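Residue numbers (this note's numbering), protein chains in the order written: chain A, 44 to 399; chain B, 9 to 212.
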Amino acid sequence: MRHPTDGTLRRLVDEPAGVADADRAHVAGCPVCLAGLAAAQDDAAVAGAALRVESDADVDAGWQRLSGSVAADPTRPGAAVHRGPRWRALLRSPAVAAVAAVAVLTGATAAAATDWLQIFRTEQVVPVTISRADLVALPDLSAYGDLKVIQAPHVREVADAAAAEKATGLETPRVGELPRGVTGAPAFQVGDRTTAEFTFSLAKAARAAGPTLPTPPPGLDGSRFRLSAGPGVAAVWTATHGAPALVVARAVAPTAYSSGIPFATARDYLLSLSGLPEDVAAKLRSFSGDGRTLPFHVLAEELTSAPTEVDGVPATLLRSRDGVLAGVVWVEHGVVTVVGGTLDADEVLAVARGLR
Amino acid sequence: MKQDRELAVPAVLWPAGRGGASGRAERKDGVAVATPAGRATVRADLEQVFRAAYPRVVAVAARVLGASDEAEDVAQEVFLTFGRSSVPAGEAVGWLSVAAAHTALNHLRSRRRRAGREVAAGAAPAAGPDVADEVVTLDERRRVRAALSRLPHRQAVALVLRHSGLSYAEVAAALKLSSGSVGTTVRRAESALREELNRHAPSH
Numbered sequence: 044m045r046h047p048t049d050g051t052l053r054r055l056v057d058e059p060a061g062v063a064d065a066d067r068a069h070v071a072g073c074p075v076c077l078a079g080l081a082a083a084q085d086d087a088a089v090a091g092a093a094l095r096v097e098s099d100a101d102v103d104a105g106w107q108r109l110s111g112s113v114a115a116d117p118t119r120p121g122a123a124v125h126r127g128p129r130w131r132a133l134l135r136s137p138a139v140a141a142v143a144a145v146a147v148l149t150g151a152t153a154a155a156a157t158d159w160l161q162i163f164r165t166e167q168v169v170p171v172t173i174s175r176a177d178l179v180a181l182p183d184l185s186a187y188g189d190l191k192v193i194q195a196p197h198v199r200e201v202a203d204a205a206a207a208e209k210a211t212g213l214e215t216p217r218v219g220e221l222p223r224g225v226t227g228a229p230a231f232q233v234g235d236r237t238t239a240e241f242t243f244s245l246a247k248a249a250r251a252a253g254p255t256l257p258t259p260p261p262g263l264d265g266s267r268f269r270l271s272a273g274p275g276v277a278a279v280w281t282a283t284h285g286a287p288a289l290v291v292a293r294a295v296a297p298t299a300y301s302s303g304i305p306f307a308t309a310r311d312y313l314l315s316l317s318g319l320p321e322d323v324a325a326k327l328r329s330f331s332g333d334g335r336t337l338p339f340h341v342l343a344e345e346l347t348s349a350p351t352e353v354d355g356v357p358a359t360l361l362r363s364r365d366g367v368l369a370g371v372v373w374v375e376h377g378v379v380t381v382v383g384g385t386l387d388a389d390e391v392l393a394v395a396r397g398l399r
Numbered sequence: 009m010k011q012d013r014e015l016a017v018p019a020v021l022w023p024a025g026r027g028g029a030s031g032r033a034e035r036k037d038g039v040a041v042a043t044p045a046g047r048a049t050v051r052a053d054l055e056q057v058f059r060a061a062y063p064r065v066v067a068v069a070a071r072v073l074g075a076s077d078e079a080e081d082v083a084q085e086v087f088l089t090f091g092r093s094s095v096p097a098g099e100a101v102g103w104l105s106v107a108a109a110h111t112a113l114n115h116l117r118s119r120r121r122r123a124g125r126e127v128a129a130g131a132a133p134a135a136g137p138d139v140a141d142e143v144v145t146l147d148e149r150r151r152v153r154a155a156l157s158r159l160p161h162r163q164a165v166a167l168v169l170r171h172s173g174l175s176y177a178e179v180a181a182a183l184k185l186s187s188g189s190v191g192t193t194v195r196r197a198e199s200a201l202r203e204e205l206n207r208h209a210p211s212h
């Protein structure tokens with residue numbers, strides 16, 4: 044009889060009832076399998092000890108927190124529950140990381156430079172629709188290198204529009220006429236300029252991709268890319284249930300810089316690794332040649348997007364498929380503006396077009 | 009700035025790696041949540057599932073993260089997603105466990121942990137109050153998390169689920185594997201984890 048597999052030996056360690064009698068009988072009389080079993084027991088014990096952690100979750104407190112979040116806004120999971128800064132969670136997200144990677148690696152072909160060279164400046168944004176299934180296939184950027192936040196945005200609330208303008212140097216958007224149901228004065232939040240640096244690591248990429256890793260272009264290993272955005276300001280009108288009813292946000296749009304190899308080279312290589320379907324990758328490539336169009340991700344199952352315009356400037360209208368949220372985003376003179384909320388499309392467009 | 013990202017990229021809070029959470033508010037057995045918008049629903053069995061599964065979901069995330077406060081954040085994210093999903097009730101525990109493991113691993117892989125985080129999280133060392141012991145324990149915990157983050161994602165998830173008490177059949181169902189493959193995957197993960205721990209072991 045053939046030796047049982049390593050998987051069968053492993054199951055003998057902690058769920059022997061699930062192993063066939065014939066396999067058990069074989070192992071009991073086979074020195075090779077007994078040695079394998081002992082090794083499996085050792086490794087399982089080490090892993091068990093390594094992963095042991097005390098956890099005494101308070102179910103009542105947890106439920107209170109969850110039900111509060113659900114009641115506050117069922118359409119934006121996690122919005123009310125994060126204790127840490129949201130940008131940190133965003134950076135951790137594979138979706139954002141992948142898009143950030145594309146953004147960072149997007150742009151005109153630039154010659155190698157010894158100093159930071161601006162290779163990308165957002166002048167317009169374009170939605171790229173990605174399905175959830177494709178999103179699952181996207182890698183975490185950290186699998187390809189190290190992402191380091193150089194300057195954190197320190198998002199904070201300030202007293203009023205004047206304080207927001209002082210903190211950011213940006214003109215605070217003023218809404219001409221509030222949509223029906225949105226009342227009162229907004230709260231103002233500001234964030235500082237944010238810079239993240241990504242260093243490509245061939246060793247990490249090789250570990251992530253395994254033997255299938257395509258040969259990287261020369262000079263890619265250790266190449267550094269910087270992405271900066273902000274400062275930014277947001278005016279937030281809160282509904283009675285605590286969720287934003289209307290948000291008008293404005294920020295200095297992202298720019299990217301390189302200290303390394305030509306970007307088209309790096310971009311194409313990253314896209315070949317990313318696990319994205321070819322049609323999405325091709326779309327990203329096509330957007331990225333001009334050094335000024337920032338593709339951003341729209342989840343197919345959640346949002347629809349449509350081109351529109353705000354005072355003659357091309358814009359993108361986003362609507363959640365359940366009809367609860369709508370938003371419009373556009374870039375003008377290097378500043379990205381977003382108007383969104385629990386509103387319908389006509390309402391956000393009216394606000395956007397009425398901004399002063 | 010914060011809000012525009014949330015509006016533009018709502019998908020970031022979905023557990024990566026599971027396509028199963030595609031159910032939306034159109035569930036017939038969902039109930040309307042009392043919000044001014046009044047158009048979104050959450051599933052009716054959310055509280056029942058939450059109360060039954062929350063400790064396990066937190067434990068799965070804690071095993072990955074080594075810190076229970078962050079694990080509770082992950083659990084909240086996962087349950088919020090679950091609440092809007094149409095995952096069959098019979099598959100809830102498996103789905104939630106996988107989602108917690110995936111989400112926690114994604115957190116783990118990208119974060120740069122602040123020094124002392126685990127101290128603040130109350131991850132008390134097992135061996136008494138001695139400060140030297142505590143430092144050693146914290147260092148070991150960091151090594152474990154680093155090693156875990158270097159494992160192939162699927163292996164890491166299978167490993168964490170099995171060590172969180174899911175049976176082979178439950179892990180198999182949750183990860184769409186055969187029971188035989190679960191043993192193989194867990195075995196490889198344990199072997200790889202040990203190698204990683206040995207490779208990065210302190211020299212003293």
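All residues carry an ideal CB built from backbone N, CA and C; glycine is no exception. Here the structure is a predicted model, which is why all the values come from computation and not from measurement.
#### Entry: Contact between the region 98-116 of chain B and the region 60-69 of chain B (3+ Cβ pairs under 8 angstroms)
yes
#### Entry: Pairwise C-alpha distance: Ala388 (chain A) and Thr237 (chain A)
30 angstroms
### Message
Only counting the same chain, and skipping five residues up and downstream in sequence, which positions put a Cβ closer than 7 angstroms to that of Ala108 (chain B)?
### Response
Val65, Val68, Ala69, Val82, Ala83, Val86
#### Entry: Cβ neighbour criterion (16 or more within 10 Å) applied to Ser186 (chain B)
exposed
### Task
Run the CB neighbour count on Gly79 (chain A), radius 10 Å, all protein chains shown included, and call it buried at 16 or more, exposed below.
buried
### Task
For chain A, find out if any of its Cβ atoms is closer than 9 angstroms to the Cβ of Gln84 (chain B); answer yes or no.
yes
### Query
If we count the other Cβ atoms within 10 Å of its Cβ and call it buried at 16 or more, is Val75 (chain A) buried or exposed?
exposed
### Secondary structure of Gly79 (chain A), DSSP reduced to three states
helix
### Message
Taking 9 angstroms as the threshold (beta carbon to beta carbon), is Arg170 (chain B) in contact with chain A?
### Response
yes
### Stretch pair the region 230-249 of chain A + the region 183-203 of chain A: three plus CB contacts closer than 8 angstroms
yes
### Residue from B:Val194, B:Leu205, B:Thr89 with nearest C-alpha to Arg162 (chain B)
B:Val194
### Message
I'd like to confirm something about Val113 (chain A): is its beta-carbon nearer than 8 angstroms to some heavy atom of the ligand NAP, or not?
### Response
The ligand NAP is not part of the structure shown, which contains no ligands of any sort.
### Task
Answer yes if the region 52-65 of chain A comes into contact with the region 82-101 of chain A, meaning at least three C-beta pairs across the two stretches below 8 angstroms, and no otherwise.
yes
### Query
So, is the C-beta of Ser213 (chain B) closer than 9 angstroms to a C-beta in chain A?
Only positions 9 to 212 of chain B appear in this structure, which leaves residue 213 (chain B) out of reach.
### Query
Along chain A, in chain order, which residues have C-beta atoms closer than 7 angstroms to that of Glu80 (chain B)?
Ala100, Gly105
### Through-space distance from Arg293 (chain A) to Val179 (chain B), alpha-carbon basis
46 angstroms
### Message
Looking only at its chain, what residues have a beta carbon closer than 7 angstroms to the beta carbon of Thr211 (chain A), apart from the 5 residues adjacent to it on each side?
### Response
Val233, Pro274, Gly275, Val276
### Message
Residues of chain B with CB closer than 8 angstroms to the CB of Glu58 (chain A), please, in chain order.
### Response
Ser175, Tyr176
### Query
In or out: Gly370 (chain A) buried (at least 16 other Cβ within 10 Å) or exposed?
buried
### Task
Using the DSSP secondary-structure output, state which residues sit across from Asp189 (chain A) in a beta bridge.
A:Thr242
### Message
With a threshold of 9 angstroms between beta-carbons, can Leu94 (chain A) be considered close to chain B, or not?
### Response
yes
### Query
Which residues mark the beginning and the end of the beta strand (DSSP E) in which Leu183 (chain B) is found?
Per DSSP, Leu183 (chain B) belongs to no beta strand (DSSP E); it is in the alpha helix (DSSP H), 176-183.
### Query
Is there a Cβ from chain A that is less than 9 angstroms from the Cβ of Gly188 (chain B)?
yes
### Query
Under a Cβ-count criterion, where at least 16 other Cβ atoms within 10 Å of its own Cβ denotes burial, should Thr385 (chain A) be classed as buried or exposed?
buried
### Query
Does DSSP put Val218 (chain A) in a helix, in a strand, or in coil?
coil
### Task
Could you give the DSSP three-state label for Ser301 (chain A): helix, strand or coil?
strand
### Message
Quick check: the Cα distance between Leu201 (chain B) and Ala309 (chain A), rounded to an integer number of angstroms?
### Response
32 angstroms
### Query
What does a CB cutoff of less than 8 angstroms around Leu360 (chain A) pick up in its chain, not counting 5 residues either side in sequence?
Ser348, Ala349, Pro350, Thr351, Ala369, Gly370, Val371, Ala388, Val391, Leu392
### Message
Does any residue of chain A have a CB that is nearer than 9 angstroms to the CB of Glu55 (chain B)?
### Response
yes
### Query
If we count the other Cβ atoms within 10 Å of its Cβ and call it buried at 16 or more, is Gly191 (chain B) buried or exposed?
buried
### Query
For Ser112 (chain A), which residues in chain B fall below 8 angstroms Cβ to Cβ?
Gln84, Leu88
### Query
Under the rule that 16 or more other beta-carbon atoms within 10 Å means buried, what is Pro47 (chain A), buried or exposed?
buried
### Query
Just reading off the alpha helix (DSSP H) that Arg71 (chain B) is part of, what are its end residues?
54-73
### Task
Give the range of the beta strand (DSSP E) segment to which Ser187 (chain B) is assigned.
Per DSSP, Ser187 (chain B) belongs to no beta strand (DSSP E); it is in the alpha helix (DSSP H), 187-207.
### C-alpha gap between Leu245 (chain A) and Gly265 (chain A), whole angstroms
8 angstroms
### Task
Return the bridge partner residues of Gly383 (chain A) from the DSSP annotation.
A:Val290, A:Gly370
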